[in-house]
Every structure is written in C-alpha cells, then in structure tokens.
Amino acid sequence: MEKKNKIILIGCIIFVCVAAAVMVFVNQDAKKAEEGKRLPGTTKEAVKPFGEFEVTDLDGKEVDKSIFQEADVTMVNVWATFCNPCLEEMPYLAELSKEYDSKNVQIIGLCLDTIQPDGKINEENVSLAKEAVAATGADYLHLIPSMELYVGLYEYVSGVPTTFFVDQEGKLLGETVTGAKSKEDWAALLEEKLAMIQGEK
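All letters in the sequence shown, in the order written, are residues 25 to 225 by the working numbering.
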C-alpha cells in the first residue's frame with residue numbers, strides 16, 4: 025500500500041511539473057503574440073512614451089503635453105550640449121522647421137543635459153544650450169526636461185541624438201531614430217509620418 029502511495033505521489037509531482045512547463049510556454053507565446061501587434065522596434069509602453077508632463081523651455085516659459093496638439097506631427101529631437109552630431113544637424117532641423125510649418129509639422133528640441141541628477145536645472149548648460157541654438161540657427165522650441173520626463177524617456181534613449189515622431193496625443197509614430205541624419209533623410213521621414221497621419225483620417 026505504501027509503495028502504491030509513493031507511485032501516486034511521484035505521478036502527481038510529474039504532472040505538476042509538466043503543467044508548470046506548459047504554462048511557461050503558453051505565457052511566452054502570448055507575450056510574443058502581444059509584441060507582434062505593436063509597432064516594430066517598440067514596447068507596449070513605448071507606443072506612447074510621453075505621458076503628462078510640465079516642463080520649461082530654455083527661457084523659463086512653462087510647457088506641457090498640450091504642445092503636441094499644435095501640430096499633426098511633432099518631431100522631438102533629444103540632444104545634448106556636448107554632442108557634436110546633435111549640433112551638426114541642428115541647422116538642417118531649423119530649415120525643416122520653417123519648410124514644414126505650412127504642413128502642420130513642428131520640431132521641438134529636448135536638451136538632456138540641462139537637468140542635473142538631483143532634478144535641479146543646470147544653469148551653466150542652459151546657457152550653453154542657448155549659445156548652441158543661436159550658433160546653429162535652431163530657433164524652434166527647446167525644452168528642459170523635468171526629472172519625471174527624463175526618467176520616463178530614459179529606457180528609450182540609448183544615446184544622443186535620439187528622435188521621436190508623435191501625433192497630437194503624444195503617441196509614437198513608428199520607431200524612434202538614434203543618430204543624426206541628413207536634411208534629405210529627415211525630410212523623407214517627415215513625409216512618411218505625415219502619410220501615416222493622413223491615412224488615419
């Protein structure tokens with residue numbers, strides 16, 4: 025009788041182990057299926073990387089998420105004062121900002137190193153950012169990230185420059201772009217994002 029009970033117990037253990045293994049595979053398949061529904065190169069959260077936020081521009085003017093409602097497509101270019109590729113492409117972005125204004129496109133800069141790890145504004149780097157904007161003619165809007173916005177975008181920014189394209193709700197349009205590009209390449213991407221928006225209307 026005791027031997028029979030041991031066999032039953034071993035059988036139960038094997039059943040539980042097999043069931044657990046099946047659940048792991050099912051969950052993995054479900055996760056892959058969910059990821060397949062998302063935009064290429066994004067996570068579920070990355071589809072809408074910009075939550076509610078309140079920040080200031082380089083001159084101290086308050087700006088919030090409603091800024092995205094001012095254009096069909098917003099190009100958010102994340103840069104830093106120490107980043108040469110960022111500075112080199114800013115004149116192109118300045119030209120595109122003017123050329124695409126009539127197409128309801130806006131370009132916004134987000135200067136990462138204007139905020140310190142403790143959340144305080146780095147006034148020295150704000151001055152450097154203003155000098156960079158003046159030197160490159162990139163007179164479109166440039167923002168100082170809040171610590172919340174900085175942390176929220178951190179996992180999506182592997183380096184600078186990194187660029188996001190978002191709609192009026194702050195939802196990501198396609199993939200983020202890491203690295204600088206030529207004016208022609210940026211123009212092609214803007215046309216692509218405009219086509220995406222028009223296709224949804």
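Don't be surprised by glycine CBs; every beta carbon is placed ideally from N, CA and C. Since this is a predicted model, take the numbers as computed values, not measurements.
Lys217 classed as buried or exposed, judged by whether at least 16 other C-beta atoms fall within 10 angstroms = Reading the sequence shown from its first residue, position 193 is the one you call residue 217. Answer is buried; the Cβ neighbour count reaches 16.
Determine the contact status of Met185 and Glu123, defining contact as a CB-CB distance below 8 Å.
-> Here residue 185 is taken as the residue at index 161 of the sequence shown, counted from 1. Here residue 123 is taken as the residue at index 99 of the sequence shown, counted from 1. One detail in the question is off: residue 185 reads as Pro in this sequence, not Met. Not closer than 8 Å, so no.
Cβ of Pro23 within 8 Å of Cβ of Leu177?
-> Any question about residue 23 goes unanswered here, given that the chain covers just 25 to 225.
Just checking, does the segment 165-174 make contact with the segment 81-99 on the three C-beta pairs under 8 Å criterion?
-> yes
Is the segment 89-102 touching the segment 186-204, taking contact as three or more C-beta pairs under 8 Å?
-> yes
Since Ala162 and Cys135 are thought to touch, with beta carbons under 8 Å apart, how far apart are those beta carbons, to the nearest angstrom?
-> As a working mapping, residue 162 is identified with position 138 in the sequence shown. As a working mapping, residue 135 is identified with position 111 in the sequence shown. That pair is no contact at about 11 Å.
Does the ligand ATP have a heavy atom nearer than 7 Å to the CB of Gly161?
-> Absence of the ligand ATP from the depicted structure is noted, as is the absence of any ligand whatsoever, leaving it without description.
Secondary structure at Thr200, three-state DSSP: helix, strand or coil?
-> Locating residue 200 in the sequence shown gives position 176, where the first residue counts as 1. Three-state result, Thr200: coil.
Rounded separation between Asp88 and Asp209 - CA only | If you number the sequence shown from 1, residue 88 lands on position 64. If you number the sequence shown from 1, residue 209 lands on position 185. In a straight line, the C-alpha of Asp88 is about 29 Å away from that of Asp209.
Tell me whether Phe188 sits in a helix, a strand or coil according to DSSP, three-state version.
-> The residue labelled residue 188 in the question sits at position 164 within the sequence shown. Phe188 falls in the strand class under three-state DSSP.
Residues sharing a beta bridge with Trp103, DSSP | Here residue 103 refers to the residue found at position 79 when the sequence shown is read from its first residue. Note: Trp103 sits in a beta bridge opposite Cys135.
Give the C-beta separation of Asn101 and Leu117 to the nearest angstrom, bearing in mind that I take them to be a contact with Cβ-Cβ under 8 Å.
-> As a working note, residue 101 is residue 77 in the sequence shown. As a working note, residue 117 is residue 93 in the sequence shown. Right, their Cβ atoms sit about 6 Å apart.
Assigned exposure category for Ala158 - 16 Cβ within 10 Å defines buried = Taking the first residue of the sequence shown as 1, we reach residue 158 at position 134. Its Cβ having fewer than 16 others within 10 Å, Ala158 is exposed.
Could you tell me whether the Cβ atoms of Leu214 and Val129 are closer together than 8 Å?
-> Along the sequence shown, read from residue 1 onward, the residue named residue 214 stands at position 190. Along the sequence shown, read from residue 1 onward, the residue named residue 129 stands at position 105. Yes, the pair counts as a contact, with Cβ atoms nearer than the cut-off.
For Leu167, does the three-state DSSP call read helix, strand or coil?
-> Position 143 of the sequence shown, counted from the start, is the residue given in the question as residue 167. Three-state DSSP puts Leu167 in a strand.
Shortest alpha-carbon distance to Glu224 belongs to which of Lys207, Ala211, Ala153, Leu197?
-> The residue labelled residue 224 in the question sits at position 200 within the sequence shown. Comparing Cα positions, the closest option is Leu197.
Between which two residues does the alpha helix (DSSP H) harbouring Thr179 extend?
-> Along the sequence shown, one-based indexing puts residue 179 at 155. According to the sequence provided, residue 179 is Glu. The question's Thr does not apply to it. Unbroken run through Glu179: none, as it is neither H nor E.
Apart from the five residues on each side of it in sequence, which residues of its chain come closer than 7 Å, Cβ to Cβ, to Phe77?
-> Start at 1 with the first residue of the sequence shown, and residue 77 comes out as number 53. Excluding positions up to five away in sequence, the list reads Asp88, Lys89, Ser170, Glu172, Leu173.
Comparing alpha-carbon positions, which option in Ala211, Lys207, Phe188 lies nearest Thr200?
-> Counted from its first residue, the sequence shown places residue 200 at position 176. With distances taken between Cα atoms, Thr200 lies closest to Phe188.
Pick helix, strand or coil for Glu78, following the three-state DSSP scheme.
-> As a working mapping, residue 78 is identified with position 54 in the sequence shown. Here Glu78 sits in strand by DSSP.
Nearest CA to the CA of Ala219: which residue from Glu148, Asn146, Lys127, Ile145?
-> The residue given as residue 219 occupies position 195 in the sequence shown. Nearest option by C-alpha distance: Lys127.
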